[in-house]
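Going by our numbering, the final residue of the sequence shown carries number 845, and the count climbs one at a time with no gaps. Beta carbons: idealized from backbone N, C-alpha and C, even for Gly. Given the structure is predicted, the values throughout are model-derived calculations rather than measurements. Everything below concerns the one structure shown next.
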Amino acid sequence: CLVWQAEMAVNEFEDQGTGVGMAKWRRCFDCGQRFHGVVEFALGWACWKTYLGRPDTDNTRCMSLDVLGDALQVSPQPEDALPVFETKLHLTLRYWSHNEEHILMARSRIATCLDTLERYDEALVLKRKIYARRVATLGVSNERTLSIGNNLAASLLHVEIWDDAKKLLGDQLLPAARRSPGANHPLTMTMKKNLAAALFMNPEHTRDDLLEAETILQDVIQRNRRVFGPAHPDTLRTGRSLSDVRAKLAAHLDSL
590 CLVWQAEMAV NEFEDQGTGV GMAKWRRCFD CGQRFHGVVE FALGWACWKT YLGRPDTDNT
650 RCMSLDVLGD ALQVSPQPED ALPVFETKLH LTLRYWSHNE EHILMARSRI ATCLDTLERY
710 DEALVLKRKI YARRVATLGV SNERTLSIGN NLAASLLHVE IWDDAKKLLG DQLLPAARRS
770 PGANHPLTMT MKKNLAAALF MNPEHTRDDL LEAETILQDV IQRNRRVFGP AHPDTLRTGR
830 SLSDVRAKLA AHLDSL
């Protein structure tokens with residue numbers, strides 16, 4: 590049972606300081622992939638209910654809000670996630686105000702949720718602040734900086750600031766991400782997809798932009814298939830983007 594396995598992992602971490610702890614609620618450690626779909630949704634609620642009875646000051650209870658919020662955010666009712674993340678931030682500011690890392694992580698989740706709810710301008714303002722603080726404290730090569738940087742790039746795409754998105758991804762984030770965590774890491778692949786989007790979604794794209802985007806997405810979909818498998822949502826989304834690029838290339842040729 591996945592719930593039992595997750596509970597045992599958390600108990601081991603709390604009692605002995607060993608094992609994967611809360612990460613067991615999010616990821617299958619047999620195949621290495623994150624849970625998704627109905628499994629993620631069910632585990633999110635199960636995690637919250639497991640630790641709900643603990644005091645507000647309990648760290649595991651606080652982290653269970655993240656697991657629940659992440660599951661709700663990808664559910665058919667993503668608006669339910671925002672109050673969960675706001676509650677997590679409120680508790681963090683109240684009981685862990687000395688821990689800037691925890692505060693930044695809580696704010697990052699709110700920003701990502703605002704994106705999901707298509708409140709892009711609000712998300713962009715918050716993400717710019719978080720990214721600047723991450724660069725100042727951790728450097729651009731830190732994985733947490735890379736993660737919020739990629740989220741910032743996604744917001745720039747949503748509000749159609751194409752050139753800023755390309756510069757952020759191409760000049761700052763991807764050179765660091767290729768070194769670590771590496772080209773096959775999900776974060777790096779997502780960055781490459783965002784760079785491709787900045788190239789082909791810009792209404793003023795050129796044929797060279799489309800060709801570059803096609804090359805990027807061909808590389809990503811091959812890695813997606815190797816890492817995730819052909820039926821994984823990320824693989825399918827990359828395939829749709831690649832089809833969009835090829836359709837634009839065909840239309841461009843027809844117009845000549």
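Tell me whether residue i sits in a helix, a strand or coil according to DSSP, three-state version.
i      : result
ARG615 : coil
ARG708 : coil
ARG623 : strand
PRO775 : helix
TRP634 : helix
ARG829 : helix
HIS841 : helix
ARG698 : helix
CYS651 : helix
LEU641 : coil
PHE674 : helix
MET597 : helix
PHE575 : Given a span of 590 to 845 for the chain in the structure shown, any question on residue 575 remains unanswerable.
ASN856 : Only positions 590 to 845 of the chain appear in this structure, which leaves residue 856 out of reach.
Can the beta-carbon of residue i be found less than 8 Å from the beta-carbon of residue j?
i      : j      : result
ALA785 : ALA802 : yes
ILE737 : LYS716 : yes
LEU741 : TYR720 : yes
VAL628 : MET611 : no
THR777 : GLY771 : yes
LEU703 : ILE692 : no
ALA660 : PHE618 : no
VAL656 : GLY633 : yes
ASN739 : LEU713 : no
CYS651 : LEU678 : no
ALA635 : VAL673 : no
TRP848 : ASN791 : A question about residue 848 goes unanswered here, because the residues of the chain that appear run from 590 up to 845.
GLN622 : PHE817 : yes
Taking residue i as the reference, which of the options has the closest Cα?
i      : options                           : result
LEU654 : ASP619, ARG623, ILE699 and CYS617 : ILE699
ASN731 : PRO665, PRO764 and GLN594         : PRO764
ALA840 : SER830, ARG826, ARG796 and VAL809 : ARG796
ARG615 : HIS625, THR639 and ARG814         : HIS625
SER830 : ALA787, LEU632 and LEU713         : ALA787
ASP823 : THR607, LYS781 and PHE789         : LYS781
THR862 : PHE602, ASN813 and GLY728         : Here the chain comprises residues numbered 590 to 845, so residue 862 is not present and cannot be evaluated.
TYR684 : CYS590, THR701, THR646 and ASP798 : THR646
ASN773 : ARG815, SER744 and HIS794         : ARG815
On the premise that residue j lies in contact with residue i, defined as a C-beta separation below 8 Å, what is that separation, rounded to the nearest angstrom?
i      : j      : result
VAL724 : THR734 : 6 Å
GLU596 : THR639 : 6 Å
LEU842 : THR827 : Rounded, the Cβ-Cβ distance is 23 Å, inconsistent with contact.
PRO665 : LEU706 : The pair is not a contact, with the Cβ atoms about 13 Å apart (cut-off 8 Å).
LYS837 : PHE789 : 6 Å
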